[in-house]
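Novice:
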Amino acid sequence: MGAILVLGGYGAVGRQAAAALVRDSPGRSVIVAGRDPSAARPVPGTTAMRVDASDAAGLAGALEGVEAVLMCAELDNAAVARACLERGVHYLDVSASHAVLAGIEKLDELAVRRGATAVLSVGLVPGVTNLLVRHCVERSGTGQARVGVLLGSGERHGPSAIRWTLDGLGRLEGSWAMRFPSPFGERVVHRFPFSDQYTLPRTIGIGQVATGLALDSRLTTALLAAARGPAVGRLLRRPRVREALVAALGRIHLGGDGFAVTVRSGQVRAGFSGRLQSRATGLTAALLLRRLPGMPPGVRHVEQLVEPADFLTELAAHGFELDLGAQARPSA
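Residue numbers for the sequence shown follow the working numbering, so the first one is 51 and each next one is one higher.
1. Which residues bound the alpha helix (DSSP H) around residue 331?
2. Using CA atoms only, rank isn't needed, just tell me which of 314, 200, 108, 125 is closest to residue 327.
3. Can you tell me whether residue 163 is helix, strand or coil according to DSSP?
4. Evaluate residue 363 with the Cβ neighbour count: other Cβ atoms within 10 Å of its Cβ, from every protein chain shown; 16 or more gives buried, anything less gives exposed.
5. Measuring only the C-alpha atoms, how far is residue 204 from residue 101?
6. Are there 16 or more other CB atoms within 10 angstroms of the CB of residue 336, so buried, or fewer, so exposed?
7. Given a cut-off of 8 Å on the beta-carbon distance, is the pair residue 246 and residue 197 in contact?
8. Taking 7 Å as the cut-off, is the CB of residue 247 close to at least one heavy atom of the ligand GDP?
9. At the level of alpha carbons, what is the spacing between residue 168 and residue 140?
10. If I measure Cβ to Cβ from residue 69 and keep anything under 7 Å in the same chain, skipping five residues before and after, which residues do I get?
11. Tell whether a beta-carbon distance below 8 Å holds between residue 56 and residue 134.
12. What's the call for residue 84, buried or exposed, on a 16-neighbour Cβ count within 10 Å?
13. Look up residue 254 in the DSSP assignment and say whether it is helix, strand or coil.
14. Identify the continuous alpha helix (DSSP H) that holds residue 362 and give its terminal residues.
15. DSSP has residue 321 in a bridge; who is on the other side?
16. Can you list, in chain order, the residues of its chain with a C-beta nearer than 7 Å to that of residue 115? Leave out the 5 residues immediately preceding and following it.
17. Pick from 225, 253, 226, 240: whose alpha carbon is nearest that of residue 177?
18. So, is residue 132 buried or exposed, given that buried needs 16 or more other C-beta atoms within 10 angstroms?
19. If you draw a straight line from the alpha carbon of residue 322 to that of residue 238, how long is it in whole angstroms?
20. Measuring straight from C-alpha to C-alpha, what distance separates residue 371 and residue 107?
21. Check this for me: beta carbons of residue 356 and residue 341, under 8 Å apart or not?
22. Inspect the beta-carbon positions of residue 332 and residue 149 and report whether they are closer than 8 Å.
23. Which of helix, strand or coil does DSSP assign to residue 125?
24. Give the secondary structure of residue 204 by DSSP, where H, G and I count as helix, E and B as strand, and everything else as coil.
25. With distances taken Cα to Cα, identify the nearest neighbour of residue 170 among 249, 229, 104, 113.
26. Where do the N-terminal and C-terminal ends of the alpha helix (DSSP H) with residue 69 fall, by residue?
27. Relative to the C-alpha of residue 126, which residue among 109, 61, 317, 160 is closest?
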């Protein structure tokens, strides 16, 4: 078996994925790579490597002897994916940005020609949400779905993740109520540009998907809603203000580390919840890496490659709560 290279592997998601791969794939070499390995805590059982993904020569050297790459950063991902696929190296990407994933989709012909698989929408959102939508739509037959995402604002996130969230504020209109599992209950979510709502209409042939975001702290959710306003949006686009806010949010943690996602399609509802969204994303990636040998070559999203109930049940066995059978109450 070839090695697995985790790029951006010193972040929260990369560490969780690497730890799961070491635990579940004994004898498999797992390389955790980033720009400065000396500044990060080592992941037991892995090999550390300095890799700057923007350096083509350095990346090419790092891919020698590698069977699959897990990309846990946003840094010209399409170029990294191309470098992998040209060498017949499988590629998985945890990005939640539609533009990033759309760029990688263009490499489908290359992947097929080289006999390599690229898996997109790998994580909680997108990923678990994609599978829940497919499950609900197939049962409801309505061709539409609404997704609610509730994330723990107390979980630690790196500056890149915080910048990505700030960049998404105010880009889409709309708010609505979604019911989440205990202890969260009914909460208002605000539409946010997660990639699932862009890709799902095409990948599973449905009419419309809308994805909304809330945070477990009601105060932080209220601030998130206020930040969607035009005046605040203009303020956040000022580099000095934006970076000051990134630094502040990196230090202040209001709320806990719980998360929940819920999907409603017609009268069918399903959900997935637990603690540490980074762990859920990392485990999703590790499970998909184990399933790579049975996947066809080409660029595909997760909902095109695995059966939702089977995969989500396997993921939930790692300490998460899964509900695939709840019937939503009719709207008033």
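Note that beta-carbon positions come from the ideal geometry of N, C-alpha and C, so glycine has one too.
Specialist: Looking at the atomic coordinates:
1. Start at 1 with the first residue of the sequence shown, and residue 331 comes out as number 281. Run containing residue 331: 327-341, per the alpha helix (DSSP H) assignment.
2. Position 277 of the sequence shown, counting from 1, holds the residue named residue 327. Of 314, 200, 108, 125, the residue nearest in Cα terms is 200.
3. In the sequence shown, counting from the first residue as 1, residue 163 sits at position 113. Helix.
4. Sequence index remark: in the sequence shown, residue 363 carries index 313 (1-based). Exposed: under 16 other Cβ atoms inside 10 Å.
5. The count along the sequence shown starts at 1 and reaches residue 204 at position 154. The count along the sequence shown starts at 1 and reaches residue 101 at position 51. Only weak support exists for where residue 204 lies, its pLDDT of 49 falling under 50; the value from the coordinates is given anyway. About 30 Å.
6. Within the sequence shown, residue 336 is the residue found at index 286, counting from 1. Flag for residue 336 reads buried.
7. As a position in the sequence shown, residue 246 is number 196, starting the count at 1. As a position in the sequence shown, residue 197 is number 147, starting the count at 1. Closer than 8 Å, so yes.
8. Looking for the ligand GDP in the displayed structure turns up nothing, as the structure carries no ligands at all.
9. The residue you call residue 168 lines up with position 118 of the sequence shown. The residue you call residue 140 lines up with position 90 of the sequence shown. Looking at the two C-alpha atoms, the distance is approximately 6 Å.
10. For the purposes of this step, residue 69 is taken as residue 19 along the sequence shown, with counting starting at 1. Contacts found: 93.
11. On the sequence shown, position 6 is the one that residue 56 refers to. On the sequence shown, position 84 is the one that residue 134 refers to. No, the Cβ-Cβ distance between residue 56 and residue 134 is not below 8 Å.
12. Here the question's residue 84 lines up with position 34 in the sequence shown. Per the 10 Å Cβ criterion, buried.
13. For the purposes of this step, residue 254 is identified with residue 204 of the sequence shown, where counting begins at 1. Looking at residue 254 - three-state DSSP - the assignment turns out to be coil, as it is neither helix nor strand.
14. Counting from one through the sequence shown, the residue named residue 362 turns up at place 312. Segment 358-366, the alpha helix (DSSP H) holding residue 362.
15. To locate residue 321, count along the sequence shown from 1; it is residue 271. According to DSSP, residue 321 bridges with 312, 373.
16. The sequence position of residue 115 within the sequence shown is 65, counting from 1. Counting only Cβ-Cβ distances below 7 Å, and skipping sequence neighbours, we find 52, 53.
17. Translated into the one-based positions of the sequence shown, residue 177 becomes position 127. Answer by Cα proximity: 253.
18. Here residue 132 corresponds to residue number 82 of the sequence shown, with the count starting at 1. It is buried - the Cβ of residue 132 has at least 16 other Cβ atoms within 10 Å.
19. If you number the sequence shown from 1, residue 322 lands on position 272. If you number the sequence shown from 1, residue 238 lands on position 188. Computed Cα separation, rounded: 18 Å.
20. The sequence position of residue 371 within the sequence shown is 321, counting from 1. The sequence position of residue 107 within the sequence shown is 57, counting from 1. One C-alpha to the other measures close to 44 Å.
21. Counted from its first residue, the sequence shown places residue 356 at position 306. Counted from its first residue, the sequence shown places residue 341 at position 291. In contact: residue 356 and residue 341 (Cβ atoms closer than 8 Å).
22. Within the sequence shown, residue 332 is the residue found at index 282, counting from 1. Within the sequence shown, residue 149 is the residue found at index 99, counting from 1. In this structure, residue 149 does not lie closer than 8 Å to residue 332 by Cβ.
23. Translated into the one-based positions of the sequence shown, residue 125 becomes position 75. DSSP places residue 125 in coil when its eight states are reduced to three.
24. Taking the sequence shown and counting its residues from 1, the one referred to as residue 204 is at position 154. The predicted model places residue 204 with a pLDDT of 49, which falls under 50 and marks its position as unreliable, so this point remains unresolved.
25. Translated into positions along the sequence shown, residue 170 becomes position 120. Taking only the C-alpha atoms, the option nearest residue 170 is 249.
26. Position 19 of the sequence shown, counting from 1, holds the residue named residue 69. Residue 69 -> alpha helix (DSSP H) spans 62-74.
27. The residue labelled residue 126 in the question sits at position 76 within the sequence shown. Ranking 109, 61, 317, 160 by Cα distance to residue 126 puts 109 first.
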